[in-house]
Amino acid sequence: MAKKLNLLAFDLGASNGRAILGKYNGTKLELEEVHKFPNGAINIQGSLYWNTLGLFEEIKTGLRKAIQATDNNLACLAIDTWGVDYGLLDKEDNLLTNPYHYRDSRTDGLLDEIFAQVSAETIYQLTGIQFMQINTLVQLYADLLYRPWILENAKSLLFMPDLLNFFLTGKKFNEYTNSSTSQLFNPTTTAWADELFTKLNLPREIMQPLIFPGEIIGELTDDLKVEFGIDYSLPVVAVGSHDTASAVAATPLSTENSIYISSGTWSLLGMELTEPVITEASRRANFTNECGVGKTIRFLKNISGLWLIQECKRSWDRQGLNLSYDQISEAATNTSFASRIDPDDPSFLNPADMPTAIKEFCKRTNQAIPETYGEIARCVYESLASSYKRTLDMLEVMIDTTVDTIHMVGGGIQAEILCQFTANSTGKKVVTGPIEATAMGNMLVQLMAMGEISSLAEGREIIKRSVTLKEYLPL
15 MAKKLNLLAF
25 DLGASNGRAI
35 LGKYNGTKLE
45 LEEVHKFPNG
55 AINIQGSLYW
65 NTLGLFEEIK
75 TGLRKAIQAT
85 DNNLACLAID
95 TWGVDYGLLD
105 KEDNLLTNPY
115 HYRDSRTDGL
125 LDEIFAQVSA
135 ETIYQLTGIQ
145 FMQINTLVQL
155 YADLLYRPWI
165 LENAKSLLFM
175 PDLLNFFLTG
185 KKFNEYTNSS
195 TSQLFNPTTT
205 AWADELFTKL
215 NLPREIMQPL
225 IFPGEIIGEL
235 TDDLKVEFGI
245 DYSLPVVAVG
255 SHDTASAVAA
265 TPLSTENSIY
275 ISSGTWSLLG
285 MELTEPVITE
295 ASRRANFTNE
305 CGVGKTIRFL
315 KNISGLWLIQ
325 ECKRSWDRQG
335 LNLSYDQISE
345 AATNTSFASR
355 IDPDDPSFLN
365 PADMPTAIKE
375 FCKRTNQAIP
385 ETYGEIARCV
395 YESLASSYKR
405 TLDMLEVMID
415 TTVDTIHMVG
425 GGIQAEILCQ
435 FTANSTGKKV
445 VTGPIEATAM
455 GNMLVQLMAM
465 GEISSLAEGR
475 EIIKRSVTLK
485 EYLPL
């Protein structure tokens, strides 16, 4: 029987970060949150940044708590975060500037400038990635235009999980799954798309060697071991460091015709494939080919997700309502459907006030204007489910298949109203769970690195034994 292992997963999202301890007994994973901290954009003179050093301090706090909780008996740890954002280091490995937040406005309008130099068709053929102004490609181009002195002094580009791993280990790598989100990586050749760097005059030499999920990045540095009072080797593992890659790794896909929806700040709807789908149809539909654990392809579309509800809640909190997400869902359930928005409309990317933006969209499109928080939430949940339906229909056509089951994972599945609306809208069976898909996927790859399991399929059986899945049928 496998030995018992204590695993530590750091799961950093757009709104918060958590340190989650996983106790593996050879059959199941048992999770315990040992630390939670807020995350979000820091606005400095109109520009949006991540509080990178603050995040690292929170990681150290989480690690300290995990060491205490396990009586100094951690097997390994790993970090996953969102994609596309990065830090730049100079020749002495100093962080040159604080990493920008992907919602920063410096990339506004730059896609058209890029297309004037390299066609959209060429970029998509090389990378298979959907066009979004948040992509690393566009952000690096913004650096080239607006702060070339930074790029001139940059010697290393590290995506956010790579950067945090560097702080822990002193080792510099670009992890495979996160690299694939950049729109600078070729999923067919599993290498950087050198042609894009050349045509856009971007510095190819700042990219780091690739590391793949299941490989060991390095050990905790000696100074950190002294700080934490540990005298043993603590490996830091490369996992699917793009949070969606980890979430999909833990999704217990039931059939070959199952799809997943990773539901959080963003909604990621897609199918796990063995080869990328890079066609004119997939380009026009803005589907993406991100790399997954086990060298799979996550053929998916990024859709705006519970960001809409999160921002509404933030607005209502400012008004003193202080609603829980359960209260918001209940109010939506007790309200009739009246209007629908396009969750991916640019007006919802980063509005000053989300409820106002939703009302203005409904007014602009000659619909009933939602007024109460229940009406606004109902509008959002119905709109997300409709968006899933449209995306699913496109996916079925592009890969010539009929989907039979939708697996929904992530924190968003706690909004049962959204799960039921998704079943209703798509006419498909919806299976939900696990909520902690990202952390569990992170841990499955740690188990691979420790030699405890040998495949994704084996890991998904652990998931089925560890959580209770719930079904929703169309009404």
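Here the numbering used here is used: the first residue of the sequence shown is 15, the next is one more, and so on. Heads up, the beta-carbon is just placed ideally off N, CA and C, and yes, glycines get one too.
- A distance below 8 Å between beta-carbons, with the five flanking residues on each side excluded, links Ala299 to the following residues of its chain, in chain order: Lys315, Met408, Met412.
- DSSP places Phe351 in the coil class of the three-state scheme, outside both helix and strand.
- Using a C-beta cut-off of 8 Å, the stretch 130-145 makes no contact with the stretch 102-111, since fewer than three inter-stretch Cβ pairs fall below that distance.
- Take Glu46, set aside five residues on each side of it, and the residues of its chain with a beta-carbon closer than 6 Å to its own are Leu35, in chain order.
- Under the three-state reduction of DSSP output, Trp96 falls in the coil class, being neither helix nor strand.
- The C-alpha of Phe180 lies about 22 Å from the C-alpha of Leu151.
- Contact between the stretch 372-388 and the stretch 239-256 is absent, with fewer than three C-beta pairs closer than 8 Å.
- By the neighbour-count definition (other C-beta atoms within 10 Å, threshold 16), Leu320 is a buried residue.
- Counting every other CB atom within 10 Å of its CB across the protein chains shown gives Glu466 a total of 16 or more, marking it as buried.
- Residue burial is scored here from C-beta neighbours: Asn87 has fewer than 16 other C-beta atoms within 10 angstroms and is therefore classed as exposed.
- In this structure Leu67 is exposed. Its beta-carbon is surrounded by fewer than 16 other beta-carbon atoms within 10 angstroms.
- The beta carbons of Asp418 and Thr279 sit no closer together than 9 Å.
- Your pair Val423 and Tyr274 checks out as a contact, with CB atoms roughly 7 Å apart and the cut at 8 Å.
- Annotation for Trp280: the continuous beta strand (DSSP E) segment containing it runs 280-287.
- When only Cα atoms are considered, Leu172 and Phe187 end up about 7 Å apart.
- At a Cβ-Cβ threshold of 9 Å, Ile323 and Thr405 do not count as neighbours.
- Judged by pairs of C-beta atoms under 8 Å, the stretch 340-348 touches the stretch 425-441, as three or more such pairs exist.
- Residues Gln381, Cys393, Glu396, Ser397, Ser400 of the same chain have their beta carbon placed closer than 8 Å to that of Arg354, with the five preceding and five following residues left out of the count.
- CA-to-CA, the gap between Thr436 and Gly447 works out to about 15 Å.
- Taking 9 Å as the cut-off, the Cβ atoms of Ala55 and Asp118 count as close.
- C-alpha of Glu389 to C-alpha of Ile449: approximately 26 Å in a straight line.
- As computed with DSSP, Ser276 is found in a beta bridge with Leu282, Val423.
- For the options Leu487, Gly228, Asp176, Ser281, the alpha carbon positioned closest to that of Val98 is the one of Asp176.
- Shortest Cα-Cα distance from Thr415 to any of Glu286, Leu158, Glu325 involves Glu286.
- Judged by DSSP in its simplified three-state form, Phe173 adopts strand.
- In the structure shown, Ser61 adopts extended strand secondary structure according to DSSP, grouped into three states.
- Asp407 has no beta-bridge partner at all, per DSSP.
- CA-CA distance, Phe24 to Ser480, rounds to 19 Å.
- In the structure shown, Asn112 falls within a coil segment according to DSSP collapsed to helix, strand and coil.
- The C-beta of Asn336 has fewer than 16 other C-beta atoms within 10 Å across all chains shown, which makes the residue exposed.
- According to the DSSP assignment, Leu69 belongs to the alpha helix (DSSP H) that extends over 66-83.
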